[in-house]
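2 protein chains.
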Amino acid sequence: MPTHYTGTVEEIIALNTFIKLTRATESLNARLAAKGTLGNLTITQFGVLEVLYHLGPMCQNEIGAKLLKSGGNITLVIDNLEKRSLVKRQASPEDRRRRTITLTETGRKLIQEVLPVHVQAITAEMSVLNPQEQSTLANLCLRLGKKD
Amino acid sequence: MPTHYTGTVEEIIALNTFIKLTRATESLNARLAAKGTLGNLTITQFGVLEVLYHLGPMCQNEIGAKLLKSGGNITLVIDNLEKRSLVKRQASPEDRRRRTITLTETGRKLIQEVLPVHVQAITAEMSVLNPQEQSTLANLCLRLGKKD
DNA sequence: CGATTATTATTCAATATCAAATTATTTGAT
DNA sequence: ATCAAATAATTTGATATTGAATAATAATCG
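Chains V and Y are the protein sequences, given in the same order.
Residues 93 to 240 in the working numbering are what the first sequence spells out, letter by letter.
Residues 93 to 240 in the working numbering are what the second sequence spells out, letter by letter.
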């Protein structure tokens, strides 16, 4: 029904699964964005603050690796966060190529305030599946996402 | 382990599932992009050609609804496809606000050529899960993506 | 009929995103 | 120790993406 592609049974199943996975992720994110629980942050900005909050200061490279984003992208996102004084760049003493990124007090306060609200929103959206179903989904996704 | 957030069991499970879902989708797409099976098309351009190929000519609005993209975005993507002569805009006779988008012969040839290769790549990536697991995943995602 | 409302596409401004090129620095091998 | 290769950040150019504003057209309702 969703797939109009003609191919082997294996291909139809794979394509159908891929499409549903993609659509679930996109529509979930669209609904979360519509709820406005991200506190005037983009998804990626939120991700950067969140990773700094939970894992402590780190260089841009590491942030990019955690979030699966390119270096050039992280440079821009950090630029925009820095303009709003949510993070700051510091020279790294051991390696002068690196800039260590730290949360400012403002940044910490913001993520502390926004995170629980956003987690609530995620929890509400996910609740169409019961905990066991969610765990099943998480495990399947974990295997699919491997190789990172 | 992946989630450093402190909250209720329900929240932890939901957040963990959400993160794994997001990462699976992103890393899957990154690996597919790396394979270069998209024939010099971006994901969205591919999506536009694919939907026109399988569902026939339609106006930009409809394309946007299918792909969950904004109107402004579709205008630009169609612009870029039109520059490469892969689609063309036609005035709609019944409604002069609409532009009907049609595949050109070049566009049809391209998507016919690229689609099977890309489906193969998707099938290969999905094959870490057996067909039954894929179906389970598809069903869970379908329920999660509802409300579109 | 005529005015209000809705819909379609476009434009604009801001942010995201990647890949490729560049610069600065570090590391490793000889 | 020196030189080559690797790594970190930045810049640039192209495309994506949204939301808001606008213009053109259509539909509705009083």
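Ideal Cβ positions, reconstructed from N, Cα and C, are used throughout, including at glycine.
Chain Y within 7 Å of residue i, Cβ atoms only
i	result
Gly237 of chain V	yes
Glu174 of chain V	no
Phe110 of chain V	yes
Ala106 of chain V	yes
Arg200 of chain V	no
Arg191 of chain V	no
Ile214 of chain V	yes
Arg188 of chain V	no
Candidates the options: closest to residue i by CA position
i	options	result
Leu195 of chain V	V:Lys180, V:Arg188, V:Leu236	V:Lys180
Leu168 of chain Y	Y:Ala216, Y:Gln137, Y:Ala157	Y:Gln137
Val206 of chain Y	Y:Thr228, Y:Leu159, Y:Leu141	Y:Leu141
Gly99 of chain V	Y:Thr228, Y:Gln212, Y:Met218	Y:Gln212
Thr129 of chain Y	Y:Glu118, Y:Ile105, Y:His210	Y:His210
Glu174 of chain Y	Y:Gly148, Y:Glu197, Y:Lys158, Y:Ser184	Y:Glu197
Ala125 of chain Y	Y:Ile166, Y:Lys238, Y:Glu217	Y:Glu217
Leu232 of chain Y	V:Ile104, V:Leu113, V:Ile105	V:Leu113
Arg235 of chain V	Y:Ala157, Y:Thr109, Y:Glu102, Y:Arg200	Y:Thr109
Assigned secondary structure, residue i (DSSP; H/G/I helix, E/B strand, else coil)
i	result
Lys158 of chain V	helix
Leu173 of chain Y	helix
Short CB-CB distance (under 7 Å) between residue i and chain V
i	result
Met150 of chain Y	no
Met93 of chain Y	Below a pLDDT of 50, predicted positions are generally treated as unreliable, and Met93 of chain Y, at 47, falls in that range; no measurement from the model is reported.
Glu103 of chain Y	yes
Gln224 of chain Y	no
Val220 of chain Y	yes
Leu141 of chain Y	no
His210 of chain Y	no
Ile203 of chain Y	no
His96 of chain Y	yes
Leu130 of chain Y	no
Leu195 of chain Y	no
Ala230 of chain Y	yes
Boundaries of the alpha helix (DSSP H) in which residue i is found, first to last residue
i	result
Arg181 of chain Y	No alpha helix (DSSP H) holds Arg181 of chain Y; the beta strand (DSSP E) holding it covers 179-183.
Arg191 of chain V	Note, Arg191 of chain V: premise wrong, no alpha helix (DSSP H); beta strand (DSSP E) at 191-195.
His146 of chain Y	135-147
Thr228 of chain Y	223-237
Leu130 of chain Y	No alpha helix (DSSP H) holds Leu130 of chain Y; DSSP gives it neither H nor E.
Closer than 6 Å: residue i CB and nearest the ligand MN heavy atom
i	result
Leu236 of chain V	Because no ligand of any kind appears in the structure shown, any question about the ligand MN cannot be addressed here.
**OP:** Check whether the stretch 145-157 of chain Y touches the stretch 109-125 of chain Y, counting contact only when three or more Cβ pairs, one atom from each stretch, lie closer than 8 Å.
**Re:** no
**OP:** Mind the definition here: the stretch 188-204 of chain V touches the stretch 220-229 of chain V only if three or more C-beta pairs lie below 8 Å; say whether that holds.
**Re:** no
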